[in-house]
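Trainee:
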Amino acid sequence: ARCASLVAVRNLNLWGSNLHDISVIAKCSNVEVVSLSVNQVHSLACFASCKALQELYLRKNQVAQLEELTHLIDLPRLRVLWLADNPCASTPSYRQVVLRCLPKLTKLDNVDVTQEERTQADDVALPE
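So, in structure tokens, the structure goes:
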């Protein structure tokens, strides 16, 4: 696809495609929903330019470090994130760390975020 047409993409479903390299997503600057569950994604860097992104589904990938969340911090519309079944999801205080980095989330791993969780997240250190 040409770059001009990638800008027009609003919903991208690449579920179960065994993808390692998703760098082309950086050109989808207006994408709102991305489903990349069941792939081989390691890095979230390509999402930093997706300022319209609202929902990101990355279940069952290879994201190992919660530091990857720093690439999502400046996404003003991101409300839904699914990172379960990634190596980083076994990190102690995983939910609190994610919510500390991304306080606007309303749903994490298909579970609504509670006010109590938000309060607990305030006490957790940010990943560096």
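For the sequence shown, the UniProt record's numbering assigns the number 128 to the last residue and increments by one with no breaks.
We put the CB at the ideal spot given by N, CA and C, even for glycine.
(1) Considering only their Cβ atoms, is the gap separating residue 40 from residue 19 smaller than 8 Å?
(2) Using a Cβ-Cβ cutoff of less than 6 Å, which residues in the same chain neighbour residue 33 once the five nearest sequence positions on both sides are dropped?
(3) Using the rule of at least 16 other Cβ atoms within 10 Å of the residue's Cβ for burial, across every protein chain shown, is residue 23 buried or exposed?
(4) Reducing DSSP to helix, strand and coil, say where residue 90 ends up.
(5) From 97, 107, 100 and 76, pick the residue whose C-alpha is nearest to that of residue 82; which is it?
(6) Should residue 96 go down as buried or exposed, given a rule of 16 or more other Cβ atoms within 10 Å for buried?
Mentor: The answer reads as follows:
(1) yes
(2) 11 and 55
(3) exposed
(4) helix
(5) 107
(6) buried
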